[in-house]
Each structure stands twice: as structure tokens, then as C-alpha cells.
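Visitor: Here the sequence shown is numbered in this note's numbering, starting from 140 and rising by one per residue.
Ideal placement from N, C-alpha and C gives every residue a C-beta, glycine not left out.
If you scroll down you'll find the structure; I have some questions about it.
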Amino acid sequence: MEPPRPQPATKPKSLTGVPPRLVVTSRRARVLAFRADQWAAKKAAAQAALAVAEWDYPLLDEHDFLKTVHGLVHTAVAAGGKRVSIHLADQDDKILIMVLNHQTDEHHDAGPVPAEVAVLRTVDACGTHTDHDGHAWWALLDAQPRPKKHLA
């Protein structure tokens, strides 16, 4: 008969004190990942557009969507890191675009959202944050925008 094995006094670090990664529930979502290189923004914009096209938003301003993805990914690549991930989700005719660079440098924050993204007509909100997943840049786009006003 074998003597009882010693039990650790604490749980392994992987089971305690580690906050959960980004979780999106109860809505359509898509995650795309790319190597952080000079071509990432163009590739990400094209693949994100294909992913969101499956969600059937005929009034989504494609120009604003592509420019938002391109701008956020370009900013994430410029901030450093070896890879970027693009997280897409929708709810109530809004599309969330969040780009992470997975660089957890504690001495720097994510930096601002590019001005060319913040001023787009269908961008309802945008911002940045830094947490255990790295630096993130995000924008919320209106997928059912009101028609443009024409001056008489």
C-alpha cells in the first residue's frame, strides 16, 4: 500500500487569482488574429468586413467600418507587440470593434483612438483601455444610421 500523497497548501496559480479573458456572450461575435506587421491593418479590414457581412446589416456604412478597423489595427501595431486580435460583436444594431495588441507594458497606456476614427459619422463611441490582455482600442458603430441631412 502506498502512503498518501502530500497535498499542496494552496491551489496552483493557474486556478486562483487569474482574471478571465475577454468573454462575449448572448450575441454574435467573431475574433480575428494577425501578426503585427505593416500589412495587418489592410488584411484585418478586409476579413472583418467579410465577417460582418454575414450579419446582414444593409445600412452599415462600409467606408466607416473599413476605416475604423484599419485605423484601430494600425494604431495597435504601431504601439508594439507581436500580434493583434480584432474582436467583433453586435447588439441592438450596433457593432463593436475592439483591437488588442497583447502588449502588457505597464509603463504605457494604450494611447488615444486615432482622430480619423473618432470623427466618423457612424462612430457612436470610442475609447481605449489597458488590462491583463494588453492595450485595447475600441469603437462602437451604428449599423442602422439615420440618413445624412442635406442642406436646402
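#1: For L154, count neighbouring Cβ atoms within 10 angstroms of its own Cβ and tell me buried if that reaches 16, exposed if not.
#2: Straight-line CA distance for H241 to H274?
#3: For L227 versus R169, is the C-beta spacing smaller than 8 angstroms?
#4: Run through the DSSP bridge pairs and tell me what F204 is partnered with.
#5: For V379, does the count of other Cβ atoms within 10 angstroms reach 16, so buried, or fall short, so exposed?
#6: Comparing alpha-carbon positions, which option in V262, G219, H213 lies nearest I234?
#7: Mind the definition here: the segment 181-201 touches the segment 247-257 only if three or more C-beta pairs lie below 8 angstroms; say whether that holds.
#8: How many angstroms separate the CA atom of V208 from the CA atom of G250?
#9: Once DSSP output is grouped into helix, strand and coil, what is the label at K233?
#10: In whole angstroms, give me the CA-to-CA distance for V238 and A282.
#11: For F173 and K182, which I take to be in contact (beta-carbon distance under 8 angstroms), what is that distance rounded to the nearest angstrom?
#12: Return helix, strand or coil for H247, following the three-state DSSP convention.
#13: Where does T214 fall in DSSP's three states?
#14: With 16 as the cutoff for other CB atoms within 10 Å, does L189 come out buried or exposed?
#15: From the DSSP output, in three-state form, read off A168 for me.
#16: Going by DSSP in three states, H241 sits in which element: helix, strand or coil?
Guide: In short, the structure shows the following:
#1: Here L154 scores only 47 on pLDDT, less than 50, and its place in the model should not be relied on; the value that follows carries that caveat. Answer is exposed; the Cβ neighbour count stays below 16.
#2: 6 angstroms
#3: yes
#4: Partner(s): none; F204 has no beta bridge.
#5: Only positions 140 to 291 of the chain appear in this structure, which leaves residue 379 out of reach.
#6: V262
#7: no
#8: 16 angstroms
#9: strand
#10: 19 angstroms
#11: 6 angstroms
#12: coil
#13: helix
#14: exposed
#15: strand
#16: coil
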